[in-house]
Amino acid sequence: MTPLPGPSRRQVLAVAAAAAAAPLVGAVPAQAHPQSRPKTYDLTVLGTSDTHGNVYNWDYYRDAEYDDSAHNDVGVAKLASLVKQIRAERRGRATLVLDAGDTIQGTSLATYYAKQEPITETGETHPMARAMNILDYDAVTLGNHEFNYGLPLLDRWIRQLGFPALAANAVNERTGKPAFTPYLIKKVSLGRGAPTLRVGILGLTNPGTAIWDRGHVEGRLRFEDMVATAAKWVPVMRQRGADIVLISAHGGDSGTSSYGPELPNENPCAMIAEQVPGIDAILFGHAHAEVVERFVTNTRTGERVLLSEPSKWGQRLTRMDFTLERDRNRWRITGKRATMLNSNTVPEDPKVLAAVRRQHAKTVAYVNQVVATSAVELSAAESRYRDTPILDYINRVQTDTVAAALAGGPYASLPVLSIAAPFSRTAIFPAGDVRIKDVAGLYIYDNTLEAVLVNGAELRAYLEYSAKYFRTLGPGAPVDPAQLNDPTVPDYNYDTVSGVDYDIDISRPVGQRITRLAHPGGGAAVVDTDQFVIAVNNYRRSGGGNFPGIVKPQIYNEQQEIRQLLIDWAQAKGSIDPADFFEPNWRLVREGVPVF
Numbered sequence: 033m034t035p036l037p038g039p040s041r042r043q044v045l046a047v048a049a050a051a052a053a054a055p056l057v058g059a060v061p062a063q064a065h066p067q068s069r070p071k072t073y074d075l076t077v078l079g080t081s082d083t084h085g086n087v088y089n090w091d092y093y094r095d096a097e098y099d100d101s102a103h104n105d106v107g108v109a110k111l112a113s114l115v116k117q118i119r120a121e122r123r124g125r126a127t128l129v130l131d132a133g134d135t136i137q138g139t140s141l142a143t144y145y146a147k148q149e150p151i152t153e154t155g156e157t158h159p160m161a162r163a164m165n166i167l168d169y170d171a172v173t174l175g176n177h178e179f180n181y182g183l184p185l186l187d188r189w190i191r192q193l194g195f196p197a198l199a200a201n202a203v204n205e206r207t208g209k210p211a212f213t214p215y216l217i218k219k220v221s222l223g224r225g226a227p228t229l230r231v232g233i234l235g236l237t238n239p240g241t242a243i244w245d246r247g248h249v250e251g252r253l254r255f256e257d258m259v260a261t262a263a264k265w266v267p268v269m270r271q272r273g274a275d276i277v278l279i280s281a282h283g284g285d286s287g288t289s290s291y292g293p294e295l296p297n298e299n300p301c302a303m304i305a306e307q308v309p310g311i312d313a314i315l316f317g318h319a320h321a322e323v324v325e326r327f328v329t330n331t332r333t334g335e336r337v338l339l340s341e342p343s344k345w346g347q348r349l350t351r352m353d354f355t356l357e358r359d360r361n362r363w364r365i366t367g368k369r370a371t372m373l374n375s376n377t378v379p380e381d382p383k384v385l386a387a388v389r390r391q392h393a394k395t396v397a398y399v400n401q402v403v404a405t406s407a408v409e410l411s412a413a414e415s416r417y418r419d420t421p422i423l424d425y426i427n428r429v430q431t432d433t434v435a436a437a438l439a440g441g442p443y444a445s446l447p448v449l450s451i452a453a454p455f456s457r458t459a460i461f462p463a464g465d466v467r468i469k470d471v472a473g474l475y476i477y478d479n480t481l482e483a484v485l486v487n488g489a490e491l492r493a494y495l496e497y498s499a500k501y502f503r504t505l506g507p508g509a510p511v512d513p514a515q516l517n518d519p520t521v522p523d524y525n526y527d528t529v530s531g532v533d534y535d536i537d538i539s540r541p542v543g544q545r546i547t548r549l550a551h552p553g554g555g556a557a558v559v560d561t562d563q564f565v566i567a568v569n570n571y572r573r574s575g576g577g578n579f580p581g582i583v584k585p586q587i588y589n590e591q592q593e594i595r596q597l598l599i600d601w602a603q604a605k606g607s608i609d610p611a612d613f614f615e616p617n618w619r620l621v622r623e624g625v626p627v628f
C-alpha cells in the first residue's frame, strides 16, 4: 500500500497559525485585555426619629429606668452607643447620621427646659442639643413638636446645634422664602483615591403644625405640601451637584391624615417616593412605627426608592447601606437595603450621660415634688371605656378655670362643659402623696386651655365622631376591654365630655351611637338649639383629630398650660378626693343595657 503524501511544511504552519488565532470553546478570555468591572464603594446612613426629649433610659413619670412589655430601651445615650459601634465597625468609612424630627418635646426633661427654666431666658444649652452634638449628627429635620414652645425657643435650640436643622416646606409668610435651611449637599469621602460623593439631604416637616401650633406660627410661617416641595427641590439639588438624594421627612407613609382636607397630607412619604423622580431613599418619622425596609417604585422612572422608619424615643436605629459604582464619571447606586438595630442591645454612652447628668438630676428632683395628698388611688387603666374619677379631675380643673374666667361676662350663665382624652393607660395618682410626676404622667402633652361656644347639634355631632373609637359589638357578643377600640383610632382622639349625661351604644353603626344626651342630674334632653361653653385643649380646638364643630373663635384663651393648671389646682387644694369632682355622666351600652 502506497502511503498518502503528508502535508507540506507551509500547510502545517498555516494550520498552526489558524488554530492559534481561533478561540477555544469554553476557554477563559485572554488576560491581556480583561473586561474590568468598575470598583465598588459603600455608604452607610444611620437614622433616628421621634426621640421626643429622651436622653437617659429613664421614665420620669415612674421615676425609674424605662421598661415596657417588650423590654425596649429609650434615649439618645443608647443611640449614641449604637452609632459609635457602627462607626468603629466601619473603621472610618463613610457613615452619615440623620434625624427625622420631633426632638425637643415629650419628656419631663424637655418640658423643664422649655417651661420651668426655658433656654430662651437662662442661656442654658438644651439637653437635646448637648446629647445630639456628642452623637455628631449630620442633619436633623424639624418635626411638628419642635414648634410647641414657640419660634424663639426653636431658634435658640437650632443655634445650639453643631449641624443643620432642615425644613424645606416651612416658608416665611412675609417673604415667601424658606424659613429654615431647606437642604444640604454633603461632600463625602469614600476612601483614599476615590472621587468625592456629594450626598443631597432634603428636610421636610409636617404641615399639621399650621393647625396644631397655630398660635405660634399663624401669620409667620406657612407649611407647603411635602410632595410638591420635594418635586421643587430634588431637581435643584441634582443640578447643584448631588450625586445621590436622601430625604429626611417628618411624616408617615400611610397616605392618611389625622386632620381634615384643610392642609396637605400628613403622612405622604410613600407618595413622595412614588411621584417624585430622583430620590434614592427616605428616612421618615412621625407615625412612631417600626418600618424596617420598604421599597416604593417611582412611577416615572421605575427606580425603587428605599424607605425606613425607626420607631420612637430612641428605641430603634435605622441602618441604610448603599453600594455604589463610579461609571463614566458618574456615581450609580447598584444596591441598597435597610436593617434595624434595637437600642436595648447596648449600654448607654457615658459621654452623653455626663453631658446631661446635671439637667437630668434637676428634672428628677422637680418631678418628685409633692403637690397634694390623694384620699384613694386613682387609675386611668379603664378610662377609655368606663367613666373614671381621674379623667373627671382634668375636667373639673378645666371647667373651674374657664367658669372663673367668664364670670360676670356675657357667657357666665351658660353651662360649661369640658373634654378630656385618655392620653395614658398607665397613669396613677397613688393613695397618699401625689407628686408632679404623677400629674405629668396623666397629662403628657404640652397643651393649653381654650374654650368655644357650641350648640346642642354640634355637641351631638362631636360625641358621635368621638364614639367611632369603639368597634361595633352586637348585644350578647363577648366584650374584651383590650379589643374594644378600633385600632386605627388612637386613644388621644377619643374624648369624654363632662357636664352632660350621655350613652354610647356600641351595637349601633358609627354616627348613630349617642342614644341619650341630656342635661345633668336627670335633666331634659339636649336639643339642637341649646348653648354651651366647652373647655377644650388647643390641639383639638385647632383641628387636631378633625373633630366637627370645634374649630371656631375662642371665647377663652389665656395660653395656660393644662398640665400646670392640674398641678396648681392640686397644690391649692392640698388634697385630691374624688368626692370633690367625680360625677359619672357617660356609659357604654348595647340597646340600653350597660356594657360594664
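If you want the working numbering, it's the 1-based position in the sequence shown plus 32. Beta carbons: idealized from backbone N, C-alpha and C, even for Gly.
What does the Cβ neighbour count give for residue i, buried or exposed, with the cut at 16 atoms within 10 Å?
i           : result
residue 591 : exposed
residue 343 : buried
residue 416 : buried
residue 406 : buried
residue 498 : buried
residue 360 : exposed
residue 479 : buried
residue 368 : buried
Kindly list the residues whose CB is nearer than 8 Å to the CB of residue i, restricted to its own chain and excluding five residues on each side of it in sequence; keep chain order.
i           : result
residue 378 : 110, 113, 114 and 117
residue 448 : 431, 434, 435, 438, 483, 531, 564, 565, 566 and 567
residue 267 : 310
Less than 7 Å between C-beta atoms, sequence neighbours within five positions excluded: which residues of the same chain meet that for residue i?
i           : result
residue 624 : none
residue 152 : 184, 185 and 188
residue 616 : 419
Measuring CA to CA, which of the options is closest to residue i?
i           : options               : result
residue 607 : 362, 410 and 519      : 410
residue 279 : 537, 510, 315 and 298 : 315
residue 27  : 253, 365, 317 and 510 : The structure shown has nothing for residue 27, since the chain only spans 33 to 628.
residue 385 : 76, 86, 561 and 122   : 86
residue 533 : 332, 553 and 441      : 553
residue 489 : 610, 581 and 296      : 581
residue 457 : 212, 541, 526 and 441 : 526
residue 389 : 133, 132, 595 and 141 : 141
residue 422 : 241, 466, 445 and 401 : 466
residue 216 : 192, 170 and 176      : 170
residue 561 : 259, 485, 440 and 382 : 485
Under the three-state reduction of DSSP, which class applies to residue i: helix, strand or coil?
i           : result
residue 191 : helix
residue 345 : coil
residue 491 : helix
residue 62  : At residue 62 the pLDDT is 39, less than 50, meaning the model places this residue with poor confidence; the figure from the coordinates comes in the next sentence. Residue 62 falls in the coil class under three-state DSSP.
residue 56  : For residue 56, the predicted structure reports a pLDDT of 29, less than 50, and the residue's modelled location is therefore unreliable. The matter cannot be settled from this model.
residue 210 : strand
residue 563 : strand
residue 469 : helix
residue 529 : strand
residue 486 : strand
residue 536 : strand
residue 546 : strand
residue 584 : coil
residue 95  : coil
residue 218 : strand
residue 629 : With the chain running from 33 to 628 in the structure shown, residue 629 is simply not present.
residue 376 : helix
residue 312 : coil
residue 108 : helix
Output needed for residue i: all residues of its chain with C-beta closer than 6 Å, excluding positions within five of it in sequence on either side, in chain order.
i           : result
residue 79  : 130, 315, 342 and 350
residue 105 : 89, 375 and 376
residue 364 : 357
residue 77  : 128 and 352
residue 603 : 403
residue 578 : 291 and 292
residue 9   : What is shown of the chain runs 33 to 628, which leaves residue 9 out entirely.
residue 165 : 194
residue 336 : 327 and 329
residue 262 : 304 and 308
(Q) Does the contact criterion of 3 or more C-beta pairs under 8 Å hold for the segment 293-305 versus the segment 215-227? (A) no
Q. How about the segment 146-159 and the segment 91-103: do they share at least three Cβ pairs that are nearer than 8 Å?
A. no
Q | Sufficient close CB pairs (3 or more, under 8 Å) joining the segment 388-399 to the segment 149-169 | A | yes
Q. Can we say the segment 546-554 touches the segment 466-479, given the rule of at least three CB pairs closer than 8 Å?
A. no
Q: Would you check if the segment 196-210 and the segment 233-253 touch, i.e. whether three or more CB-CB distances between them fall below 8 Å?
A: yes
Q) Looking at C-beta atoms only, is the number of pairs between the segment 512-531 and the segment 497-504 that lie closer than 8 Å three or more? A) yes
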